[in-house]
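Residue numbers (the numbering used here), protein chains in the order written: chain A, 33 to 242; chain B, 33 to 242.
Heads up, the beta-carbon is just placed ideally off N, CA and C, and yes, glycines get one too.
What follows is a single structure, written as structure tokens, with notes after it.
There are 2 protein chains.
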Amino acid sequence: MKRTTETRSDRKHQDILQAASAIFVAKGYEGTNMEEIAAKAGVSKQTVYKHFADKERLFAEIVLATTDQVEDVVTLVLKAFAESHDVTDTLQQLGRRFLSAVMQPELLKVRRLVIANADRMPQLGRSWYENGFERVLKALAASFARLTDQGLMRVDEPYLAASHFVGILLWIPVNEAMFTGNDRPKSASELDRIADAAVHAFLMAYAAKP
Amino acid sequence: MKRTTETRSDRKHQDILQAASAIFVAKGYEGTNMEEIAAKAGVSKQTVYKHFADKERLFAEIVLATTDQVEDVVTLVLKAFAESHDVTDTLQQLGRRFLSAVMQPELLKVRRLVIANADRMPQLGRSWYENGFERVLKALAASFARLTDQGLMRVDEPYLAASHFVGILLWIPVNEAMFTGNDRPKSASELDRIADAAVHAFLMAYAAKP
Numbered sequence: 033m034k035r036t037t038e039t040r041s042d043r044k045h046q047d048i049l050q051a052a053s054a055i056f057v058a059k060g061y062e063g064t065n066m067e068e069i070a071a072k073a074g075v076s077k078q079t080v081y082k083h084f085a086d087k088e089r090l091f092a093e094i095v096l097a098t099t100d101q102v103e104d105v106v107t108l109v110l111k112a113f114a115e116s117h118d119v120t121d122t123l124q125q126l127g128r129r130f131l132s133a134v135m136q137p138e139l140l141k142v143r144r145l146v147i148a149n150a151d152r153m154p155q156l157g158r159s160w161y162e163n164g165f166e167r168v169l170k171a172l173a174a175s176f177a178r179l180t181d182q183g184l185m186r187v188d189e190p191y192l193a194a195s196h197f198v199g200i201l202l203w204i205p206v207n208e209a210m211f212t213g214n215d216r217p218k219s220a221s222e223l224d225r226i227a228d229a230a231v232h233a234f235l236m237a238y239a240a241k242p
Numbered sequence: 033m034k035r036t037t038e039t040r041s042d043r044k045h046q047d048i049l050q051a052a053s054a055i056f057v058a059k060g061y062e063g064t065n066m067e068e069i070a071a072k073a074g075v076s077k078q079t080v081y082k083h084f085a086d087k088e089r090l091f092a093e094i095v096l097a098t099t100d101q102v103e104d105v106v107t108l109v110l111k112a113f114a115e116s117h118d119v120t121d122t123l124q125q126l127g128r129r130f131l132s133a134v135m136q137p138e139l140l141k142v143r144r145l146v147i148a149n150a151d152r153m154p155q156l157g158r159s160w161y162e163n164g165f166e167r168v169l170k171a172l173a174a175s176f177a178r179l180t181d182q183g184l185m186r187v188d189e190p191y192l193a194a195s196h197f198v199g200i201l202l203w204i205p206v207n208e209a210m211f212t213g214n215d216r217p218k219s220a221s222e223l224d225r226i227a228d229a230a231v232h233a234f235l236m237a238y239a240a241k242p
């Protein structure tokens with residue numbers, strides 16, 4: 033019995049998160065209220081408050097859940113480099129998949145929400161930055177350090193090189209999406225071209241010289 | 033007489049812009065109303081409407097005015113490269129001044145406002161992107177192309193190289209500020225170190241080889 037109860041509660045928890053996420057993205061933090069979330073999730077307002085003490089904590093859970101998507105990318109990074117010795121090929125695959133993950137419309141919308149509310153909730157923004165942003169940089173840095181040890185790259189400061197890699201890769205497409213509200217999303221092949229050019233430039237700077 | 037009238041009107045126009053800018057930054061687009069702007073500017077609500085048809089147009093004027101700050105950076109770029117043949121030294125000065133300009137707290141706040149409202153006003157975001165962002169890239173690209181012709185750099189695709197330069201330079205500090213609400217602003221010397229490292233990496237990729 034207990035197990036069934038937990039499952040039902042978990043399901044409601046997920047329903048609330050999903051409903052809230054859609055409304056936050058559509059109406060912004062200020063424009064969202066708990067009544068509307070309850071109605072969309074098909075639960076009572078009391079149930080919403082049983083799961084989430086207030087709107088801010090509900091928002092935080094949605095935002096921080098997206099860092100799990102980033103975790104997946106990190107795992108991908110580490111695995112790709114551990115299995116391959118062709119740096120150019122591996123970095124190119126990584127660049128394409130990473131860019132494609134970051135450019136998912138729902139993730140871009142959450143990103144915009146975090147930025148919009150950073151003055152109001154700096155602690156949440158910092159958590160997202162540290163759990164998402166910096167975790168990827170650290171994983172990349174560890175891989176670049178190992179590849180340098182193996183003579184396959186030439187990187188003196190791995191964390192700095194990792195930040196240059198993501199800067200070259202993401203600056204243009206992410207900013208265009210941030211500023212223009214995704215009104216003209218890029219095709220997969222456009223994104224691949226951006227990724228390939230970024231990897232090419234990055235390796236001009238950091239590849240092992242023959 | 034006519035001249036005095038115009039001047040007084042111009043001054044009111046500026047007072048309204050300044051008051052509105054402060055309130056938009058503090059309260060966001062939704063949280064701002066024309067009454068409050070009028071009160072802060074010390075003019076009547078009618079006067080505000082005489083100068084700006086509605087809140088959206090007032091907001092747009094404030095946002096687009098910041099692209100003038102970017103114009104200054106562009107001028108600086110073109111001048112710096114025209115006067116020097118020491119690419120490393122010039123790029124380093126440029127990197128430091130450009131990063132410092134972009135990291136001005138008021139500009140970061142307007143940037144955050146534009147992103148926050150990009151879904152609501154994609155056309156404004158696109159104007160800011162094209163007038164600010166892309167103008168700098170074009171100016172940089174023109175300089176890189178000329179330096180390549182002179183044998184001082186080795187750039188096949190100038191616009192792409194320009195986008196890599198700003199990505200390496202700005203991705204980390206701008207994003208940290210976007211997400212964390214400027215709660216721990218970086219010192220001038222930290223920013224200089226970031227700029228110098230970015231220029232160093234960029235030139236590893238794009239300097240003319242001896």
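Under 7 Å (Cβ pairs) to chain B, residues found in the stretch 182-199 of chain A | LEU192, SER195, HIS196, VAL198, GLY199
Any beta-carbon of chain A closer than 8 Å to the one on B/LEU96?
-> no
4 or more residues per run - each alpha helix (DSSP H) lying fully within the stretch 44-109 of chain A = 66-73, 77-83
Roughly how many whole angstroms lie between the Cα atoms of B/PHE91 and A/TYR191?
-> 39 Å
Let me know if B/TYR161 comes out buried or exposed under the rule of 16 or more other beta-carbons within 10 Å of its beta-carbon.
-> buried
Could you tell me the distance, in whole angstroms, from the CA atom of B/LYS59 to the CA atom of A/GLY63?
-> 13 Å
Sorted by chain position, which residues of the same chain lie with C-beta nearer than 7 Å to A/ALA133's C-beta, five sequence neighbours on each side aside?
-> GLN101, VAL105
Nearest neighbour of A/SER195, chosen from B/MET153, B/ASP86, B/ILE200 [CA to CA] = B/ILE200
Between the stretch 226-237 of chain A and the stretch 122-129 of chain A, are three or more C-beta pairs nearer than 8 Å?
-> yes
Closer than 8 Å by C-beta to B/VAL57: which residues in its own chain qualify, once you throw out the five before and the five after it? Chain order, please.
-> GLU138, LYS141, VAL142, LEU145
Less than 8 Å between the CB atoms is what I'm expecting for B/ILE94 and B/ALA52, so what's the real figure, rounded?
-> 6 Å
Apart from the five residues on each side of it in sequence, which residues of its chain come closer than 7 Å, Cβ to Cβ, to B/ASP224?
-> ARG128
Check whether A/ALA240 and A/ARG167 have beta carbons under 8 Å apart = no
Taking only the alpha-carbon atoms, compute the straight-line gap between A/PRO154 and A/ALA112 and give it to the nearest angstrom.
-> 34 Å
Residue range of the alpha helix (DSSP H) that includes A/MET236 = 220-238
Verify the CB distance criterion: does B/THR212 have a CB-CB separation below 8 Å to chain A?
-> yes
Taking Cβ positions, are B/GLY213 and A/ASP181 nearer each other than 8 Å?
-> no
Below-8 Å beta-carbon distance, A/ARG167 vs any chain B residue | no
Can you say whether B/TYR81 is buried or exposed, counting buried as having 16 or more other CB atoms within 10 angstroms of its CB?
-> exposed
State the DSSP-derived secondary structure class of B/MET153, mapped to helix, strand or coil.
-> coil
Using 10 angstroms around the beta-carbon of A/GLY164, count the other beta-carbons present and answer buried if the total reaches 16, otherwise exposed.
-> buried
For the putative contact between A/SER246 and A/LEU110, defined by C-beta atoms under 8 Å, what is the C-beta separation to the nearest angstrom?
-> In the structure displayed, chain A extends from 33 to 242; residue 246 of chain A sits before or after that span and is not available.
Determine the direct distance from the alpha carbon of B/LEU179 to that of B/HIS117, and round the result to whole angstroms.
-> 9 Å
If contact means a Cβ-Cβ distance below 7 Å, which residues of the stretch 143-164 of chain B contact chain A?
-> ARG144, VAL146, ILE147, ALA148, ALA150, ASP151, PRO154, GLY157, ARG158, TRP160, TYR161
Opening and closing residue of the alpha helix (DSSP H) in which A/ASP121 lies = 119-134
Nearest-angstrom Cα distance between B/ALA173 and B/PHE130?
-> 15 Å
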